[in-house]
Every structure is written in structure tokens, then in C-alpha cells.
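Asker:
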Amino acid sequence: MTPPRKSDTTAEAVEALTILIESQGVDITANYSDWLRIAFALIDEFGMDGESYFHRISAFYTNYSQDEASKQFNQCYQSAPPSGKSRVTIATLFYIAAQHGVSLPAPCPPQRGTGRRSGVSRLSSSTQPVEEFEELEETASQPMTFSQVIHDNLPYIMKRVIADTHSDEDSDILILGSLAVISACIPNVYGVYDRRPVHANLFLFVTAPASAGKGRLSLCRHLAEPMHKYLRDKYKQDLKKYNEEMVVYNANKKASLAVPPKEPPFLTLIIPANSTATVVYQTLSENDGVGLLFETEGDTLANAFNSDLGNYSDGFRKAFHHETISYLRKKDHEYVEIRRPKFSAVLSGTRQQIFNLIPNAENGLFSRFIFYSMGTEIVWRDMFPAMEGTITADERFSQIGKDFYAFLKDFPKDDVQFTLSHSQKQRFNEFFTETQSEYALTFGDDIVASVRRLGLILFRIAMILSVLRLMDSRGTASPLSLVKKSKEIVCTDIDFQSALAIVKVLLLHTVDVFQSLPRHPYERLQTNAAKGS
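Per our numbering, residue 517 is the first one in the sequence shown, and the count goes up by one each step.
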């Protein structure tokens, strides 16, 4: 930003910016959350007297309504925190304007304690000099990656996962993909969250333009392959035995009252996304509710939802909270219930593929997914880097998967309870109390569901990291041997802090996707859709 003149006041700077917006005819309010933030920024600086600026700035929106704008401004005023208590300041207005090509120096925020009070106008009384203010720019440039922060504190197996990555983004998606895959492999681990038992299962969607590198996510599937192969091999053996018994039964059924052999359950871990709803539910039912949907093309699932295959998005929403899924088998009119499904999903695709799957922010699927949005760097990456020996990335991940499966075979088969320490619970509640208020204020009520479910996601990530931490030491006196006796895992502070660091970044990615989705038409007269964006 260009340093402002010291003689400018905040009111003069806002007036100058508004005149510039009017002269250029630029709409900076197309995004609903930006519209709200502009209101809160003006309220923080001018109180109710900021409404006139709000109307002048909003007037270039295609479906601008004076009554609607006044109603929204008043609602924001009623819910706004005292001046100085919000991260949304008048500088937010200047930052949003700059994002739309309307750039003026941003004023400094008011000195804390001298800001807006109920019924008191600061419009004409603000005499502070406008100084260079970069807080909003710093917030905007906050890293959208987390791997560089947690790398040294990860369990060893996760360090192996990111041992040969080419960027922080690459490390991030491999960490998230691995956590989501592993979440489907530990169904007997649970914790109590909001007074209800929850398991580790995660839903992940990595979004990026074509060729941006999201295809690397497919490496994470190797981590589940050994368990998947074991189940498929066992099913083949059981099916062979069943077929042999059926031959004997059919040969003797006329001369015997023998009961026919029972067909074995279809054992599998990985479920294809292009399956019918009934097949998905039946497969989950035959695997005690456990399953992993791994699909690198998000449209495959969206097409399944929108075709005669049957929409099982309702099952997705229920599975996230382990709610009972019920369906009717056409073959024998059997009513089936899947109690406590433990289902995980890993998807990737373009931003448009998210829209095809989740048409708007109010769709219940949105808040249940971890979103990670990758950018595109116009840099050619070496396709022939030096490798350790002749091992490929797929071979390396296959070996990690085998080692993980060996650990699982040694892991307790009974239920194991995961818990946070008292101090971790306190930090957890403090963080989400503050974050929920801040995000609701900044982005509106629709974001609250995502913030709340990211609380559960943090709990689940900490659960997975704590399980993987047990791989770091083996032996008669190891933590794993103690878990076998106690059937309890207590989260370490290191793993809790890593989970928290991950979720802090995931909040930013959630907002990034959230802001691009259409809002409820009641709130903003079809916002982006009405603008053709």
C-alpha cells in the first residue's frame, strides 16, 4: 500500500475511497461475506452513521435494495462487538476494495478503548492521522500450509509419508490424505465428544485446477491396500468354501433336510464411488459399517448422486456422525440398518467439481468435509529427480502401507478409548469459542456449522496422530503394550498442538471454498448466481 498523508483523517480516507468506488462503478460487495465485513468495518469505525457509506458502496450490486441493505446493516450493528474487540476494522474495507482494484491507503485502527460506543457517532469527530496499516495484508498472507510447522513433531510414519515431497502444499495433501485413509483402518478406536462416542473417520476433498498436483493424493491409497487385500482374499476363500458347500447341498437337498449354507459377506475396505446407493449401503452393512471411498475425480461421485445409481449423500451426512443408515434390499425385501457406520472418504477434483457435488453452502455435506485448496504455480518441476536407489513413490508408499498393516495386526482388537488431557480440553474450548465468534461475525452464520465440525475433525486428527505415535516405540514396556492393557490412549501435547496447527490452516481453506459457493437466496437475492459469477 502507498503510505497515506499524515494530515488525512479516517473519515476523509473513507470518503475518498467511496468516491473512487463510485467514480469507477465497481461492485465490491458481490461476495456475501465481504458485504458483511464491509458493514462491520463501517460500524466499528462510525457506528450507525456508517450506514450512508454502506449504501453508497452497496449500490453497484446488481440486485441492490435499499431496504435490504438497511436491514442487514442494522442486524450487523446489533451483533457487532465493542470497537476494538473485533479483528474487522476499517482497514478491512480498504483491503476488500484493493482486492477489486480500487486502492487507497488504509487508515490505522482506532486506539483501543477510544472507539465506537452505543449511540455515539465518530464520523465527524475522528481526528486521528491515517497511517500505513498492514494488518489486513498480513492476515491475508497468513500461510495456507501447515506441514512446515508440524514436520518435526509428526509421528515417524508421517515423516516417511512426506520424506520426498516437492512443496509444502504437496506435503499437506499427503498428510491429509494419509490421515483420511488411516481413519478408515482403525474402527475400534473411539473417543467421547459432546457426550457421544465418535470414531476417527474423516471426509477429505482436495481441490485444484487441472495439473496442479492433486493427483499425488492417489499415493495415499497404498496405505490401505494391505488391509483391503486381506479382506478381498478372505472373501475369495470364504466364497470358494461357500460354493463347494452349495454343490454338496444341491446334490443332497432332495434327500436331506439340511439348511443351505449361508453366503459369506462381501468383505472389502475400499468402495468404488460409481456404485449404486444400495450397493454402497449393502457393502457397508456386510463390513460392520466400515468402508473407505477413494476417488480422484470428484465428478464420479457427483454423477452417481445425480444419476439413476441413487443419491447416497444422505448416507454421507449420517455416516459423519455415525448415525444409523437404513435401506431396503430389493432382492428379498429385507429392511437393513447399519448401526454406527464408520465410513471415510478421500476425493479430489476441480472447484467446479465441488459445486457439482455440493451445490451451495447450506448443503449439509459442505460442513462435513475437510477442504484443501491448492494453487497453480507456473513453474516446471523436474520430472526426473534423483531417487534413493530405484524406488518409486508408489513403491515407497506401498512399503509404508505394509508397515502400517503390520502395526495394525499387533494393535488391540478390542475397543480402545482416546482422550484429551484436561489442559488440552481447556485449550480446545478456548480456541473454538473465540474462532466461532470471529468467523460468524466475519463470514455470517452459514460458516458456523463448518467451524463446529472442524472441532470434531480436530479431535479425530488428534486421535489418529495418537494411534500412529504408538508405532514409534515397540517392546514390552512401550506405550503400545500399555494401551493393550489399559485400552486407553491419552493424547500427547505434541500431537494435540499438531492437530490444532492443521485445523487453523483448514479453517482458511474452508473459508476459501465457502466464499465461492452460492448462499441462500433469502440472504442476498441469489448473490453470486444473480451476478453470473
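Backbone N, C-alpha and C define an ideal beta-carbon position, used for all residues, glycine too.
Short check: CB of V944 to CB of L957, under 8 Å?
Answerer: Start at 1 with the first residue of the sequence shown, and residue 944 comes out as number 428. Start at 1 with the first residue of the sequence shown, and residue 957 comes out as number 441. Note that residue 944 is Phe in the sequence shown here, rather than Val. Contact flag unset, no.
Asker: Please state whether the Cβ-Cβ distance between L924 and C592 is less than 8 Å.
Answerer: Looking up residue 924 in the sequence shown gives position 408. Looking up residue 592 in the sequence shown gives position 76. Not closer than 8 Å, so no.
Asker: Is the CB-CB distance between Q942 and K1003 below 8 Å?
Answerer: For the purposes of this step, residue 942 is identified with residue 426 of the sequence shown, where counting begins at 1. For the purposes of this step, residue 1003 is identified with residue 487 of the sequence shown, where counting begins at 1. The answer is no: Cβ separation not under 8 Å.
Asker: My understanding is that K1000 touches P928, with C-beta atoms under 8 Å, so please give their C-beta distance in whole angstroms.
Answerer: Numbered from 1 along the sequence shown, position 484 holds the residue referred to as residue 1000. Numbered from 1 along the sequence shown, position 412 holds the residue referred to as residue 928. Correct: roughly 5 Å between the Cβ atoms.
Asker: Helix, strand or coil: which one does DSSP assign to T799?
Answerer: Your numbering for residue 799 matches position 283 in the sequence shown. If DSSP states are grouped into helix, strand and coil, T799 belongs with the helices.
Asker: Beta-carbon separation of Q582 and H571 under 8 Å?
Answerer: One-based indexing of the sequence shown puts residue 582 at position 66. One-based indexing of the sequence shown puts residue 571 at position 55. Yes, they are a contact pair.
Asker: With P713 as the anchor, note down where its alpha helix (DSSP H) starts and where it stops.
Answerer: Numbered from its first residue, the sequence shown carries residue 713 at position 197. Where P713 is concerned, there is no enclosing alpha helix (DSSP H), although the beta strand (DSSP E) it sits in stretches over R712 to H715.
Asker: Give me whichever residues DSSP pairs with S889 in a beta bridge.
Answerer: Working through the sequence shown from its first residue, we reach residue 889 at position 373. Partner(s): T723.
Asker: Just to confirm my understanding: we take V618, look at its own chain, exclude 5 residues before and 5 after, and list those with CB closer than 8 Å. What are they?
Answerer: Within the sequence shown, the letter at position 102 stands for residue 618. Correct list, in chain order: L533, L536, I537, Q540, V542 and I544.
Asker: Below 8 Å on the Cβ atoms is my contact criterion, and I expect H738 with F913 to pass it. Report the Cβ-Cβ distance as a whole number of Å.
Answerer: Taking the first residue of the sequence shown as 1, we reach residue 738 at position 222. Taking the first residue of the sequence shown as 1, we reach residue 913 at position 397. Yes, H738 and F913 are in contact; Cβ-Cβ is about 4 Å, under 8 Å.
Asker: Pull up the distance between the alpha-carbon of E761 and that of E853, whole angstroms please.
Answerer: On the sequence shown, residue 761 is found 245 positions in, with the first residue counted as 1. On the sequence shown, residue 853 is found 337 positions in, with the first residue counted as 1. When rounded, the distance between both Cα atoms is 29 Å.
Asker: Considering only the alpha carbon of each residue, which of T525, I554, A529 and N768 lies closest to G960?
Answerer: The sequence position of residue 960 within the sequence shown is 444, counting from 1. When only C-alpha atoms are compared, the closest one is I554.
Asker: Flag this pair as touching only if the segment 1020-1033 and the segment 668-685 have three or more C-beta atom pairs under 8 Å; answer yes or no.
Answerer: The segment 1020-1033, when compared against the segment 668-685, does not touch it at the 8 Å Cβ threshold.
Asker: Which residues does DSSP list as the beta-bridge partners of K858?
Answerer: Taking the first residue of the sequence shown as position 1, residue 858 is located at position 342. Looking at the DSSP assignment, K858 forms a beta bridge with V806.
Asker: May I ask you to report which of helix, strand or coil DSSP gives Y828?
Answerer: For the purposes of this step, residue 828 is taken as residue 312 along the sequence shown, with counting starting at 1. Y828: coil per DSSP, three-state reduction.
Asker: By the 10 Å Cβ neighbour count, where 16 or more other Cβ atoms means buried, how is N768 classified, buried or exposed?
Answerer: For the purposes of this step, residue 768 is taken as the residue at position 252 of the sequence shown. Under this definition N768 is an exposed residue.
Asker: Could you tell me if R855 is buried or exposed, where buried requires 16 or more neighbouring beta carbons within 10 angstroms of its beta carbon?
Answerer: For the purposes of this step, residue 855 is taken as residue 339 along the sequence shown, with counting starting at 1. Classification of R855: exposed, given that the 10 Å Cβ count is below 16.
Asker: Of the residues R732, T723 and A1015, which one's Cα is nearest the Cα of S889?
Answerer: Here residue 889 is taken as the residue at index 373 of the sequence shown, counted from 1. For the residues R732, T723 and A1015, the minimum Cα distance to S889 belongs to T723.
Asker: Check whether the Cβ atoms of L720 and F885 sit closer than 8 Å, and answer yes or no.
Answerer: Residue numbering aside, residue 720 sits at position 204 when the sequence shown is read from its first letter. Residue numbering aside, residue 885 sits at position 369 when the sequence shown is read from its first letter. Against a cut-off of 8 Å, the Cβ pair of F885 and L720 comes out as a contact.
Asker: Considering only the beta carbon of each residue, do L552 and V697 sit closer than 8 Å?
Answerer: Locating residue 552 in the sequence shown gives position 36, where the first residue counts as 1. Locating residue 697 in the sequence shown gives position 181, where the first residue counts as 1. No, Cβ-Cβ distance for L552 and V697 is not below 8 Å.
Asker: Quick check: the Cα distance between I787 and D749, rounded to an integer number of angstroms?
Answerer: Working through the sequence shown from its first residue, we reach residue 787 at position 271. Working through the sequence shown from its first residue, we reach residue 749 at position 233. Rounded to the nearest angstrom, the two C-alpha atoms are 16 Å apart.
Asker: What residues in its chain sit with their C-beta under 7 Å from that of D688, if we drop five residues either side in the sequence?
Answerer: Translated into positions along the sequence shown, residue 688 becomes position 172. The answer, listed in chain order, is T661, F662, S663 and Y888.
Asker: List the endpoints of the continuous alpha helix (DSSP H) containing T935.
Answerer: Numbered from its first residue, the sequence shown carries residue 935 at position 419. No alpha helix (DSSP H) holds T935; the beta strand (DSSP E) holding it covers V932 to T935.
Asker: Are at least three pairs of beta-carbons, each pair with one atom in the segment 829-837 and one in the segment 868-881, less than 8 Å apart?
Answerer: The answer is yes - the segment 868-881 touches the segment 829-837, with three or more Cβ pairs under 8 Å.
Asker: By DSSP, does T525 sit in helix, in strand, or in coil?
Answerer: As a position in the sequence shown, residue 525 is number 9, starting the count at 1. Strand.
Asker: For the segment 928-989, list the alpha helix (DSSP H) runs that are entirely contained and at least 4 residues long, ordered along the chain.
Answerer: Runs found: 938-959 and 964-985.
Asker: Report all residues from its chain with a CB closer than 6 Å to the CB of I874; omit the five preceding and five following residues, and keep chain order.
Answerer: Numbered from 1 along the sequence shown, position 358 holds the residue referred to as residue 874. Taken in chain order, the residues that qualify are L881 and F882.
Asker: Short of 8 Å in beta carbon distance, which residues of its chain neighbour I559, apart from the five on each side in sequence? Order them along the chain.
Answerer: Numbered from 1 along the sequence shown, position 43 holds the residue referred to as residue 559. Same-chain partners within the cutoff: G566, F589, C592, Y593, A596 and R632.
Asker: Do you know offhand how far T1008's Cα is from Y611's?
Answerer: Locating residue 1008 in the sequence shown gives position 492, counting from the first residue. Locating residue 611 in the sequence shown gives position 95, counting from the first residue. C-alpha separation (whole angstroms): 40 Å.
Asker: Counting C-beta neighbours from all protein chains within 10 Å, is the total for L783 16 or more, i.e. buried, or is it exposed?
Answerer: Here residue 783 refers to the residue found at position 267 when the sequence shown is read from its first residue. Counting Cβ neighbours within 10 Å, L783 comes out buried, since at least 16 surround it.
Asker: Tell me which same chain residues have a C-beta within less than 7 Å of the C-beta of S734, skipping the five on either side of it?
Answerer: As a working mapping, residue 734 is identified with position 218 in the sequence shown. T812, listed in sequence order.
Asker: I'd like the span of the alpha helix (DSSP H) that includes I1005, first residue to last.
Answerer: What you label residue 1005 is simply residue 489 of the sequence shown in a count that begins at 1. I1005 -> not in any alpha helix (DSSP H); beta strand (DSSP E) instead, spanning E1004 to V1006.
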